[in-house]
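Peer 1: Quick note: the sequence shown uses this note's numbering, first residue 4, plus one each step.
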Amino acid sequence: MAIDYFEVECTEESGRESYKRIASDVLQDLDLIKIVSKIHILIDLEFPFFLAVGKTRKLPPPVKIRDFSNVMESEGNIVLDIAEETYLSQMLTILWDKYGRDFVVQPDRFTVTINADLAGVEEIENITVFDPSNTMYKDLVYALQWIAPEGFRVRRESIEKDRFCYLASENTLVPGTLDKVIADREKLLEET
Numbered sequence: 004m005a006i007d008y009f010e011v012e013c014t015e016e017s018g019r020e021s022y023k024r025i026a027s028d029v030l031q032d033l034d035l036i037k038i039v040s041k042i043h044i045l046i047d048l049e050f051p052f053f054l055a056v057g058k059t060r061k062l063p064p065p066v067k068i069r070d071f072s073n074v075m076e077s078e079g080n081i082v083l084d085i086a087e088e089t090y091l092s093q094m095l096t097i098l099w100d101k102y103g104r105d106f107v108v109q110p111d112r113f114t115v116t117i118n119a120d121l122a123g124v125e126e127i128e129n130i131t132v133f134d135p136s137n138t139m140y141k142d143l144v145y146a147l148q149w150i151a152p153e154g155f156r157v158r159r160e161s162i163e164k165d166r167f168c169y170l171a172s173e174n175t176l177v178p179g180t181l182d183k184v185i186a187d188r189e190k191l192l193e194e195t
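1) For alanine 86, count neighbouring Cβ atoms within 10 angstroms of its own Cβ and tell me buried if that reaches 16, exposed if not.
2) Excluding five sequence neighbours on each side, which residues of the same chain lie with their C-beta closer than 7 angstroms to the C-beta of phenylalanine 155?
3) Since glycine 42 and glycine 57 are thought to touch, with beta carbons under 8 angstroms apart, how far apart are those beta carbons, to the nearest angstrom?
4) Residues bridged to aspartate 84 by DSSP?
5) Valine 82 to glutamate 76, Cα distance in whole Å?
6) Looking at valine 132: is its Cβ nearer than 7 angstroms to the Cβ of valine 74?
7) Considering only the alpha carbon of each residue, which of Thr14, Val39, Glu15 lies closest to alanine 26?
8) Can you pull the DSSP bridge partners for valine 184?
9) So leucine 48 and threonine 14 are in contact, right, with Cβ under 8 angstroms, and what is the actual spacing, rounded?
10) Could you tell me which residues DSSP puts in a beta bridge with glutamate 163?
11) Which full runs of the beta strand (DSSP E) of 3+ residues lie inside the segment 22-76, going along the chain?
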């Protein structure tokens, strides 16, 4: 899968090519190519600042216990019959934190029981075990920190729904200073 729109804007051609290669490598190394659908990077050598705005693809929904386990009530307990072990460790940690280790028992590798006095079947089924958006946002900010030039310590980032913006500079960023520049680049994303 490739990025639908990928542009690096810089007054120096060699800088533009270098940053396009750096951004591409970092996004690929962190496996974010599947998630980022559009990205526009602007490097201003006068101010100086680095700006990346983009859009993400639709993420898979959060994984709930019902997605990998059959949940049923039996003999005063809620019994989880685990069909997929991928999220078992995370699920156990969440259940222990929520209900206590004494009330969450794992008699074998594919079975977990919880005292039915603590929760019902529906409540257990709807517990979110893994939300892909949480790790994706952390990975995306991490990638943009790697892509931004060294020494740019003043940073501002925002991620909302399917959009992200990352701004870095060595100068203080006065609120509103670069809002028009950001809005113009976001408009470019919409037009492509």
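The beta carbon of each residue, even a glycine, is placed where N, CA and C say it ideally should be.
Peer 2: On the basis of the coordinates in this document:
1) exposed
2) Hits under 7 angstroms: Phe53, Ala171, Ser172, Glu173.
3) Checking the sequence, you will find isoleucine at residue 42 rather than glycine. Isoleucine 42 to glycine 57, Cβ: 4 angstroms. Contact.
4) Asn73, Thr114
5) 6 angstroms
6) no
7) Val39
8) Beta-bridge pairing links valine 184 to no other residue.
9) Contact check for leucine 48 and threonine 14: beta-carbon distance about 6 angstroms, within the 8 angstroms limit, so the pair qualifies.
10) Note: glutamate 163 sits in a beta bridge opposite Arg166.
11) 39-47, 52-59
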